[in-house]
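The structure under discussion appears below in the form of structure tokens.
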Amino acid sequence: MPREAVWTLVLFILLILSAAIGSILRTRLPAPHRGTETIDFLRVVTALLVTFAALVMSLLLASELTAFTTASHDRNRYAAGLAEMDVCLKNYGAALDSERQLLRSYTAAVIASTWPGEPLPPGMTYPDVSKLPLIGEAPTLGTLLNDIGLGIARQQPTDPLHQLLVARCNQLFSNLMVARWTVIEDAHGSLSAPFLDVLIFWLMLVFLSFGLQAPRNPLAGSIVAVAIVSVASVMFVILDLDLPYGGLFGIPSTSMRHALADMLAQ
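Residue numbering for the sequence shown follows our numbering, beginning at 3 and increasing consecutively.
Given below as structure tokens:
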């Protein structure tokens, strides 16, 4: 089961238990502890907890959405860099045809390893990616890309045109390496388990106080249930956005497939 689904399910169960415990405590508290003054004070404290939790979750959601959008843009720029690299190799001529083939194989391997649940690039030969990590640097793919850079570096053209082309290819390759590491770093989530534990604890306190205040009738129970579902769904979105590849909101392979299609069409 995906991480975001596990955490959301755990949160959902804990919030239900917290609200239920608060409701049970309400019936067992002595009458003086259920007076108007006590309930009014509890409402003030609950408002403080709700405001704090809502602020933290809204900031988290905004931060994760920004990080996800940045990762998506970085992936698109990386795909564009691969296509531009292929054009430069093509313009240089037959001396770099083997490097062009390596670039196509590399692009197909990235697609197959990053999106294992999607159809494999058809008609392409590339290294076995079944054992490559979904997150982090894959040495096999790094070696493949490095071989392209070495092939470009071996060129020693004498005419001005090819000298300009090899200089441009070298610059594009350097940009591509930087973009590759940016994409790799984007794939790592930023949320830590201890922070999520503390946030869940705060939310449990909020729903415990809801259970203490809510009257025991179907309408009140339905309102608390809707609140639990709402909070759990927001947490699911935050966790899903934290890992940009995979999940419900995962970055698609469209840009990489378009880059590969452009390479094959040249």
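Glycine included, each C-beta is placed from N, C-alpha and C at the ideal position.
Strictly under 9 Å for the Cβ-Cβ distance: is residue i near chain C by that measure?
| i | result |
| --- | --- |
| A96 | Going by chain labels, chain C is absent from the structure shown, which holds only one protein chain. |
In or out: residue i buried (at least 16 other Cβ within 10 Å) or exposed?
| i | result |
| --- | --- |
| D244 | buried |
| P123 | buried |
| T10 | buried |
| E66 | buried |
| V112 | buried |
| S115 | buried |
| S211 | buried |
| S25 | buried |
| L250 | exposed |
| L152 | exposed |
Under a three-way DSSP split, which group does residue i fall into?
| i | result |
| --- | --- |
| H190 | coil |
| K92 | helix |
| V226 | helix |
| Y80 | helix |
| R182 | helix |
| M126 | coil |
| I137 | coil |
| T160 | coil |
List the whole-angstrom C-beta distance separating residue i from residue j, where the pair is believed to meet the contact cut-off of C-beta under 8 Å.
| i | j | result |
| --- | --- | --- |
| S20 | F209 | 4 Å |
| L13 | I202 | 6 Å |
| M265 | L174 | That belief does not hold up - the Cβ atoms of M265 and L174 are roughly 14 Å apart, past 8 Å. |
| R5 | L241 | 7 Å |
| A261 | A140 | Wrong, their Cβ atoms sit about 18 Å apart, outside the cutoff. |
| R28 | L214 | 5 Å |
Among the residues of its own chain, which have a CB less than 6 Å from the CB of residue i, if the five just before and after it don't count?
| i | result |
| --- | --- |
| L91 | L98, E101 and R102 |
| Q157 | V168 |
| A73 | D188 and P246 |
| P220 | none |
How far does the alpha helix (DSSP H) with residue i in it extend, from its first residue to its last?
| i | result |
| --- | --- |
| V200 | A195 to Q215 |
| S107 | D99 to T116 |
| E6 | R5 to R30 |
| N148 | P141 to A155 |
Give every residue of the same chain whose Cβ lies closer than 7 Å to the Cβ of residue i, excluding the five residues on either side of it in the sequence, and list them in chain order.
| i | result |
| --- | --- |
| W117 | S255 |
| V236 | M59 and L63 |
| N93 | L167 |
Which same chain residues, not among the five before or five after residue i, have their C-beta less than 8 Å away from its C-beta?
| i | result |
| --- | --- |
| N78 | S257 |
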